[in-house]
């Protein structure tokens, strides 16, 4: 299998060198290009069409718009944000723009490696220590917007989405709704298909976008 081509766009030269060294140490990656401003995200995507791109948020220019524009000229490129920003708003904007990963600087190097690997599997990766905070922010944003429920979801699916937004795991959802774990897993599979999501986090992101939980269906709890 050929090495994956990776571009790095960051305005800190020493950090770029460190990332390049990690890519070399891990093996299976080839550095295709580097840049240091938001516009370089688009120009590199257009010129090199790298398999993956690692980008920072704190650069000159509109990085979020650049990510969205890069997705138009090179839809096959996977963009992983590698940033010091622990702002949930920044994370939501980056993922909405088309990024497939959000890794915090200061996290173990393995987090960046996992994000690159997940992107190739078509999955979204968020630094684990930050993921819960992000899901809570998505829940709050969804309920604040108060828009109509997506009519593609059944009442039961709405209930499950609402519980996902509360950070519940499958076994907890099964308990809350008096369902078997197997049944909940089946609903999750259907939700991923309907929302074009590949994992739980993508379901939550899609639900936030569609406002599927704005008018939550009543949840019948066990006594």
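In the numbering used here, the protein residues as written are 569 to 791.
Here a beta-carbon is modelled for each residue, glycine too, at the ideal position from N, C-alpha and C.
These figures come from a predicted structure and were not determined experimentally.
(1) By Cβ distance below 6 Å, which residues in the same chain neighbour residue 711 in space, the five residues on each side in sequence not counted?
(2) Using C-beta distances below 6 Å, list every residue in its chain close to residue 642, excluding the 5 sequence neighbours before and after it, in chain order.
(3) Could you tell me the boundaries of the alpha helix (DSSP H) in which residue 584 lies?
(4) State the start and end residues of the unbroken alpha helix (DSSP H) segment that holds residue 615.
(5) According to DSSP, is residue 515 helix, strand or coil?
(6) Go through its chain and collect everything with a Cβ distance to residue 577's Cβ below 6 Å, but skip five positions before and after it.
(7) With distances taken from CA atoms, which of 669, 597, 629 and 679 is nearest residue 579?
(8) Report buried or exposed for residue 738, applying the criterion of at least 16 other Cβ atoms within 10 angstroms of its Cβ.
(9) Give me the Cα-Cα distance between residue 573 and residue 631, rounded to the nearest whole angstrom.
(10) Would you kindly work out how many angstroms separate the C-alpha atoms of residue 714 and residue 741, rounded to a whole number?
(11) Since residue 763 contacts residue 752 with CB under 8 Å, what's their CB separation in whole angstroms?
(12) Throw me the rounded Cβ distance for the residue 601 and residue 575 pair, which I believe falls under 8 Å.
Walking through what the data contain:
(1) Below a pLDDT of 50, predicted positions are generally treated as unreliable, and residue 711, at 46, falls in that range; the measurement from the model is reported next regardless. None.
(2) Residues 613 and 617 of the same chain have their beta carbon placed closer than 6 Å to that of residue 642, with the five preceding and five following residues left out of the count.
(3) 581–594
(4) 606–616
(5) No answer is possible for residue 515: it lies beyond the span of the chain, which begins at 569 and ends at 791.
(6) 603, 608, 609 and 623
(7) Per the Cα distances, 629.
(8) buried
(9) C-alpha separation (whole angstroms): 21 Å.
(10) For residue 714, the pLDDT reaches just 40, beneath the cut-off of 50, and the residue's location in the model is therefore unreliable, leaving the point undetermined.
(11) About 16 Å separates the two Cβ atoms, so there is no contact after all.
(12) 4 Å
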